[in-house]
Amino acid sequence: MLTQDVVYPHPVRRVWTALTRSSELAQWLLPNNFVASVGHRFTFTSNADQGWSGIVECEVVEVIPYKRLSYTWCADPRSPAMLITFTLEPDVKGTHLHLAQTAHSTIGWQAEVIREALPSLHLSLGGPPTMSRFFRIMVDAEALTKALFEFVTDPYAPSRNERPVVQELHTFAPEMIEVLENMILDGVDERRYIDEYIHAVFGPISA
């Protein structure tokens, strides 16, 4: 199981709306026909790439208003579906969001899509586009290193450039893009180079 915890400076009702209103969900994740109703089958749509249709098949399995939302996620019919659960709790700073993803080990990149999109959720809620806010939202240096290493080593340019973390870098740290693209050209395949670069630019990153 993969988990992530984020605190948003907004009331629970506002965060819940961003998770369950189709138009807002499309702003921070992907276009969809979501309805917060148990049993509803819906899809997220992205750009087709290298034999992938670009369609993510989902089904709502639990809705507890303002508390918990769960749905399945399957981008490849040959792989088992992932179960995604958002749990919301009031926090002195706003709303604590706990994301849990129960996934088979073969799912790979699918498990990172929502985790990498959570900074975009912050922006859709009206958060300021500041560097410090972006990196406070990231789980920690380990999570950021992992996301950027997967970007650098992704052999397919279309899917590589669609990664949410890349979109965030274009907004918050565009100067990093050229360096990372040079790493791609140089064939960087060791994670330590990404880790060293992140720490050289930002210093220690805490959750």
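Residue numbering for the sequence shown follows my numbering, starting at 117 and increasing by one per position. Heads up, the beta-carbon is just placed ideally off N, CA and C, and yes, glycines get one too.
Starting from residue i, follow the alpha helix (DSSP H) in both directions and report where the run begins and ends.
| i | result |
| --- | --- |
| Pro274 | Ala273 to Asn277 |
| Ser138 | Ser138 to Trp144 |
| Glu175 | No alpha helix (DSSP H) contains Glu175, which is instead part of the beta strand (DSSP E) from Ile171 to Ile180. |
| Leu328 | Only positions 117 to 323 of the chain appear in this structure, which leaves residue 328 out of reach. |
| Asn298 | Glu291 to Leu301 |
Any idea if residue i is buried or exposed, counting beta-carbon neighbours within 10 angstroms, 16 or more meaning buried?
| i | result |
| --- | --- |
| Leu234 | buried |
| Glu232 | buried |
| Met117 | exposed |
| Ala263 | buried |
| Glu178 | exposed |
| Leu301 | exposed |
| Ile314 | buried |
| Pro245 | In this predicted model, Pro245 has a pLDDT of only 44, less than 50, meaning its place in the structure is not dependable; the value taken from the coordinates is given anyway. Result: exposed. |
| Pro193 | exposed |
| Pro280 | buried |
Determine the extent of the beta strand (DSSP E) in which residue i is found, giving its start and end residues.
| i | result |
| --- | --- |
| Ser185 | Looking at the sequence itself, residue 185 is Leu, so the reference to Ser does not match. Its beta strand (DSSP E) spans residues Arg184 to Cys190. |
| Phe158 | Arg157 to Thr161 |
Which partner residues does residue i have in the DSSP bridge list?
| i | result |
| --- | --- |
| Met198 | Trp189 |
| Ala216 | Thr119 and Thr201 |
| Tyr124 | Thr211 |
| Pro147 | BP columns for Pro147 are empty, so no partner. |
| Pro206 | Thr211 |
Just to confirm my understanding: we take residue i, look at its own chain, exclude 5 residues before and 5 after, and list those with CB closer than 7 Å. What are they?
| i | result |
| --- | --- |
| Ile200 | Ser186, Tyr187, Trp189, Gln217 and Ile230 |
| Asp270 | Arg276 |
| Ile171 | Thr159 and Thr161 |
| Ala142 | Asn148 |
| Arg252 | Residue placement at Arg252 cannot be trusted, given a pLDDT of 43 that sits under 50; what the coordinates show is reported in the next sentence. Within the same chain, Arg252 has no close Cβ partners at all. |
| Leu285 | Met292 and Ile293 |
| Val268 | Leu296, Met299, Ile300, Val304 and Ile310 |
| Glu278 | Ser162 and Asn163 |
| Pro125 | Lys209 and Gly210 |
| Tyr182 | Val128, Arg129, Trp132 and Leu204 |
| Ser240 | Ala134, Glu140, Gln143 and Trp144 |
| Leu237 | Ala134 and Trp144 |
Tell me which same chain residues have a C-beta within less than 6 Å of the C-beta of residue i, skipping the five on either side of it?
| i | result |
| --- | --- |
| Gly155 | none |
| Ala152 | Thr136 and Val179 |
| Glu205 | His212 |
| Phe150 | Ser138, Leu141 and Phe158 |
Among the residues of its own chain, which have a CB less than 8 Å from the CB of residue i, if the five just before and after it don't count?
| i | result |
| --- | --- |
| Asp207 | Val123 |
| Arg308 | none |
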